[in-house]
Each structure stands twice: as C-alpha cells, then as structure tokens.
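Engineer:
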Amino acid sequence: MFTKNIQMVDVRGQYLNIKEEIDKDIQEVIDSCAFINGPKVKEFQANLEAYLDVKHVIPCANGTDALQIALMALDLKSGDEVIVPAFTYVATAEVIALLGLTPVMVDVDLDSFNVTADIIQSALTEKTKVVVPVHLFGQVTGDMDEIMQLAKEHNFYVIEDNAQAIGANYKHHNGNISKSGTIGHIGSTSFYPSKNLGCYGDGGALFTNDQALAKMLRKIANHGQAKKYHHDVIGCNSRLDAIQAAILDVKLKRLDLYCDARETAASYYDTQLKDIEGINIPKRESKSTHVFHQYTLRETTGRRDELKEYLKEKGVPSMVYYPVPLYEQEAFKHYDPNIQLKATEKLCKEVISLPIHTEMNREIQDIIIEAVKSFYK
Ligand SMILES: *Cc1c(COP(=O)(O)O)cnc(C)c1O
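For the sequence shown, the working numbering gives the first residue as 10, with consecutive numbering after it.
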C-alpha cells in the first residue's frame with residue numbers, strides 16, 4: 010500500500026501555509042533588534058488578552074516556568090499541599106516539588122481524563138493551599154464552577170494548567186462562556202512548538218483577572234523587580250522573546266480555525282472508530298468544547314502495546330500519553346509510597362493517541378483509520 014509519511018503533528022506543513030507572513034514578521038523583529046521585551050511582545054500580549062477576554066497576560070519562557078511562577082506568587086510555605094492529577098505531564102507536579110511544596114496526587118475520571126470536583130473534595134486537608142486542574146488533551150476540566158465554589162469554601166487557589174487546551178470554551182452554570190485558562194485564579198500555558206498555539210522555540214504565558222496577582226507574577230518573572238535594580242522578592246528570569254511573540258501573533262489570528270480543523274478531524278475519527286469493539290473513542294466533557302491537542306483512544310482488550318506496534322509497521326505513528334502514573338516515577342515515589350489510583354493505572358495501560366493536527370486531510374486519516382480497523386479484523 011502507498012503510505013504517506015504520516016506524522017503525529019505537522020508543524021512544517023502548517024508553517025508552509027503561513028510562511029510569507031511569518032518570515033516577514035520575523036525579519037521585522039530582526040531589523041528592529043528589539044529582541045527582548047520589545048513592542049512585539051507587548052502587541053502579542055494585548056492580542057492574547059483580547060482573544061481570551063482576560064485582564065492580564067504575562068508572557069514567560071515556557072509552560073513549566075509559568076506553573077512555577079504561579080506557585081511562587083501565592084505566598085506558600087514548605088509543606089503546604091498542592092493537589093494535582095497523577096495522570097498528567099511531569100511538569101505539573103515537578104514545580105510543586107521543586108518549590109518544597111507537597112504534591113498530593115489524585116485520580117482522574119476514566120472517561121474525560123480530567124479531575125472532578127468530587128475527587129478534589131475527597132483529597133482536601135487543612136494543608137491544601139492550591140489545586141491544579143490540568144485540562145488534559147484539549148478540554149476544560151468537568152466542573153470548574155464547582156471547583157471554584159470549593160476553592161471559596163475551603164480557601165485554596167486554583168491554577169489551571171492550560172498547556173493543552175488553549176482556545177477551548179467553558180460554559181458556566183449561568184450560561185456565560187469563559188476561555189479555558191481564565192476561570193481559575195491563575196491560568197498557565199505553553200507555546201512549545203507542538204502545542205495548539207505553538208511558537209518556533211520555547212514560550213509560555215500566565216493569565217489572571219486579578220490585578221495584584223498580575224503585578225506579582227510579572228515581578229517574579231523579572232528577577233523580582235518592578236523597578237529596575239530594585240528586587241522586592243526572589244524571582245527568576247523567564248521571558249518570551251520577540252521573535253517567538255511575532256510567530257505567535259500570526260498564529261493567534263488563526264487559532265480558532267486551527268481548533269476547528271482539529272475538531273473536524275476528531276469528529277471524523279469518532280464516526281469511523283466508534284463501533285470498533287476494543288476501542289473507546291474520547292468522551293467529550295459536557296461543559297467544554299474540545300480543541301483536541303491529542304486524540305486519545307482507550308484500548309480496552311489489553312493489547313494497547315500490540316496495537317501501537319502494529320500501527321508502526323503500517324507507517325502510522327501513535328503515542329502513549331502517559332505510560333506511567335506520576336507517583337510511580339522514581340523522582341516522586343517517596344511522597345506516598347503506597348498510593349494506587351485506579352483510573353490512572355488503567356489509563357496508563359490503555360491510552361493511545363493518534364495523529365491529529367491542523368493540516369490533517371481525509372486521505373491521511375483514512376489510512377490511519379484503516380490501519381486501526383484492520384488490527385481488530
Ligand atoms: C507541555 C506541557 C507543560 C510544559 O510546558 P513546557 O513549555 O514544555 O515547559 C506543562 N503541562 C502540560 C499539561 C503540558 O502538556
């Protein structure tokens with residue numbers, strides 16, 4: 010069979026479609042020599058604030074820094090507990106540990122891959138100071154309204170790890186719509202090249218509607234200074250550079266189109282794969298749109314690794330996000346040696362993500378779909 014070179018993400022194909030604009034804007038930054046904190050960064054910041062309808066966007070160097078800076082801004086002390094899903098990318102828990110805080114890992118919902126208000130509630134203690142819902146694979150965590158209500162009652166902060174869900178819409182109980190990442194006290198995101206809004210290097214950002222928090226976040230990202238050479242708090246050096254901001258600005262204008270392209274591809278997968286015995290297609294959260302950073306299936310017959318190998322032989326790449334629960338990782342084992350979370354363990358054995366990106370076409374998708382179908386024949 011004639012197989013194209015199929016990729017998980019087609020960063021190059023996307024670039025070629027917007028090359029002229031990208032190249033021109035990169036050249037403008039080089040001509041200006043305003044590489045750091047120049048007007049281009051401010052411009053992108055303002056455009057992202059408008060897109061998200063959020064008061065403050067604070068650009069920074071990457072998504073991991075964004076999470077770290079968010080935690081640093083919250084006046085926490087050693088031993089304070091931060092609730093985090095065990096089924097996520099390591100960055101979410103890593104920064105908690107790095108700051109001497111205690112990661113409290115919780116399970117996720119088997120169908121949505123996200124935490125729920127109930128799961129969080131049962132993990133709350135006197136020491137809980139922060140909860141970090143991760144909007145995994147591209148949809149907003151189930152009931153953010155309930156989580157924010159819990160936060161009010163139990164006095165903790167909510168940081169949304171929005172690295173995978175930028176552009177998703179969350180529908181509140183009252184019918185209002187919020188952009189993913191603007192519901193909690195702070196939201197963070199990553200502009201890593203393969204993310205839904207990705208640059209051509211590293212980048213990240215923080216979002217908040219709280220003026221005082223915004224000031225603190227900005228200060229921490231800039232060596233703890235609001236005024237040059239006056240350092241009020243211990244901070245770090247975390248900047249988005251102007252070339253990346255220029256690239257992001259071009260892509261931000263197309264983010265909704267990109268989200269639609271991913272959704273179209275996902276819906277096509279859904280219709281073609283839904284009836285296969287042994288495969289569960291991804292469940293949509295009822296209160297969120299899905300921007301499909303990943304299209305993730307559950308292989309329920311215990312043959313996930315076999316399927317992955319089979320697809321590979323057919324020239325179809327796939328990925329396992331994530332193969333190991335965070336609490337089983339060597340670096341995290343000591344926090345809670347006896348922990349076992351049912352859904353997390355099951356998902357680590359069952360999940361498999363298929364290629365999905367903005368340049369996807371039917372021809373490529375049909376090859377992938379046929380390959381999956383033939384595995385079960
Ligand atoms: C990508 C990612 C991060 C980290 O972002 P970087 O820019 O790579 O530091 C954090 N959390 C989640 C859920 C991610 O997917």
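Just so it is clear, CB atoms sit at the ideal spot from N, CA and C, and this is done for glycine as well. The model shown is predicted, which means the values in this text are computed figures rather than measured ones.
I need the boundaries of the beta strand (DSSP E) containing residue 188, first residue and last residue.
Structural biologist: First-last of the beta strand (DSSP E) with residue 188: 186-188.
Engineer: With a threshold of 8 Å, establish whether the CB of residue 84 neighbours any heavy atom of ligand 1.
Structural biologist: No; taking the cut-off as 8 Å, the Cβ of residue 84 has no heavy atom of ligand 1 nearer than that.
Engineer: Can you find at least 3 beta carbon pairs, one from the stretch 121-132 and one from the stretch 150-158, that sit closer than 8 Å?
Structural biologist: Cβ pair count under 8 Å is three or more, so yes.
Engineer: Report the option in 383, 298, 256 whose CA atom is closest to the CA atom of residue 56.
Structural biologist: The candidate whose alpha carbon is nearest that of residue 56 is 256.
Engineer: Please classify residue 165: does DSSP put it in a helix, a strand, or coil?
Structural biologist: Coil at residue 165, not helix or strand.
Engineer: Alpha carbon to alpha carbon, how far is residue 98 from residue 329?
Structural biologist: Taking the straight line joining both Cα atoms gives about 12 Å.
Engineer: Is it true that the stretch 340-349 meets the stretch 179-188, where meeting means three or more beta-carbon pairs spaced less than 8 Å apart?
Structural biologist: Output reads no: the stretch 179-188 does not touch the stretch 340-349.
Engineer: Who are the Cβ neighbours of residue 222 in its own chain at under 7 Å, not counting the five residues just before and after it?
Structural biologist: Same-chain partners within the cutoff: 82, 194, 195.
Engineer: Would you tell me roughly how many angstroms separate the C-alpha atoms of residue 336 and residue 65, rounded to the nearest one?
Structural biologist: Approximately 34 Å between the Cα atoms of the pair.
Engineer: How close, in whole Å, do the beta carbons of residue 79 and residue 168 come, if the pair is a contact with beta carbons under 8 Å?
Structural biologist: Sure, about 5 Å apart at Cβ, within 8 Å.
Engineer: Considering residue 138, what are the terminal residues of the beta strand (DSSP E) in which it resides?
Structural biologist: Counting along the chain, the beta strand (DSSP E) containing residue 138 begins and ends at 137-140.
Engineer: Say the cut is 8 Å; is the CB of residue 253 nearer than that to a heavy atom of ligand 1?
Structural biologist: No; taking the cut-off as 8 Å, the Cβ of residue 253 has no heavy atom of ligand 1 nearer than that.
Engineer: Does the pairing of the stretch 19-32 with the stretch 375-384 give three or more beta-carbon distances under 8 Å?
Structural biologist: No contact exists between the stretch 19-32 and the stretch 375-384.
Engineer: Quick one: grab the DSSP three-state call for residue 362.
Structural biologist: It is a strand residue.
Engineer: I'd like to confirm the pairing. Which residues does DSSP put opposite residue 246 in its beta bridges?
Structural biologist: According to DSSP, residue 246 bridges with 231.
Engineer: What residues match up with residue 196 in a beta bridge as DSSP calls it?
Structural biologist: In DSSP, residue 196 forms a bridge with 169, 216.
Engineer: As an exercise, report each continuous alpha helix (DSSP H) stretch of at least 4 residues that is fully enclosed by the stretch 10-88, in chain order.
Structural biologist: You should have 20-41, 48-61, 72-81.
Engineer: Buried or exposed: residue 332, going by 16 or more other Cβ atoms within 10 Å of its Cβ?
Structural biologist: That one is exposed.
Engineer: Can you say whether residue 171 is buried or exposed, counting buried as having 16 or more other CB atoms within 10 angstroms of its CB?
Structural biologist: By the neighbour-count rule (16 or more Cβ atoms within 10 Å), residue 171 is buried.
Engineer: May I ask you to report which of helix, strand or coil DSSP gives residue 129?
Structural biologist: If DSSP states are grouped into helix, strand and coil, residue 129 belongs with the helices.
Engineer: Using a Cβ-Cβ cutoff of less than 7 Å, which residues in the same chain neighbour residue 364 once the five nearest sequence positions on both sides are dropped?
Structural biologist: These residues qualify, in order along the chain: 15, 16, 17, 326, 377.
Engineer: For the stretch 284-371, which segments carrying the alpha helix (DSSP H) assignment without a break, of at least 4 residues, lie completely within its bounds, in sequence order?
Structural biologist: Complete alpha helix (DSSP H) runs here, min 4: 313-322, 351-359.
Engineer: Could you have a look at residue 236 and say whether DSSP puts it in helix, strand or coil?
Structural biologist: It is a strand residue.
Engineer: To which residues of the same chain is residue 107 closer than 8 Å at the C-beta, ignoring the five residues directly before and after it?
Structural biologist: The answer, listed in chain order, is 77.
Engineer: Using DSSP with H/G/I as helix, E/B as strand and the rest coil, what is residue 155?
Structural biologist: Residue state, collapsed to three classes: helix.
Engineer: Should residue 10 go down as buried or exposed, given a rule of 16 or more other Cβ atoms within 10 Å for buried?
Structural biologist: With a pLDDT of only 46 at residue 10, under the threshold of 50, the placement of this residue in the model should not be trusted, and no figure is reported.
Engineer: Determine the direct distance from the alpha carbon of residue 361 to that of residue 275, and round the result to whole angstroms.
Structural biologist: Spanning the two alpha carbons is a distance of roughly 14 Å.
Engineer: Quick one, are the C-beta atoms of residue 254 and residue 381 less than 9 Å apart?
Structural biologist: Not in contact: residue 254 and residue 381 (Cβ atoms no closer than 9 Å).
Engineer: Contact check, residue 174 vs residue 366 under 8 Å by CB: the rounded distance?
Structural biologist: Contact flag wrong, Cβ pair sits at about 16 Å.
Engineer: To which residues of the same chain is residue 101 closer than 7 Å at the C-beta, ignoring the five residues directly before and after it?
Structural biologist: Correct list, in chain order: 76, 93, 141, 143, 170.
Engineer: For residue 311, is the classification buried or exposed, using 16 other Cβ atoms within 10 angstroms of its Cβ as the cut-off for buried?
Structural biologist: Exposed, because fewer than 16 other Cβ atoms sit within 10 Å of the Cβ of residue 311.
Engineer: If you draw a straight line from the C-alpha of residue 229 to the C-alpha of residue 243, how long is it?
Structural biologist: Those two C-alpha atoms are separated by around 7 Å.
Engineer: Quick one: what's got a C-beta closer than 7 Å to residue 283's C-beta in the same chain, skipping five residues either side?
Structural biologist: Result list for residue 283: 290, in chain order.
Engineer: At a cut-off of 8 Å, would you count residue 212 as near ligand 1, judging by its Cβ distance to the nearest heavy atom?
Structural biologist: Yes.
Engineer: By alpha-carbon positions, which one of 285, 47, 88, 264 ends up nearest to residue 1?
Structural biologist: What is shown of the chain runs 10 to 386, which leaves residue 1 out entirely.
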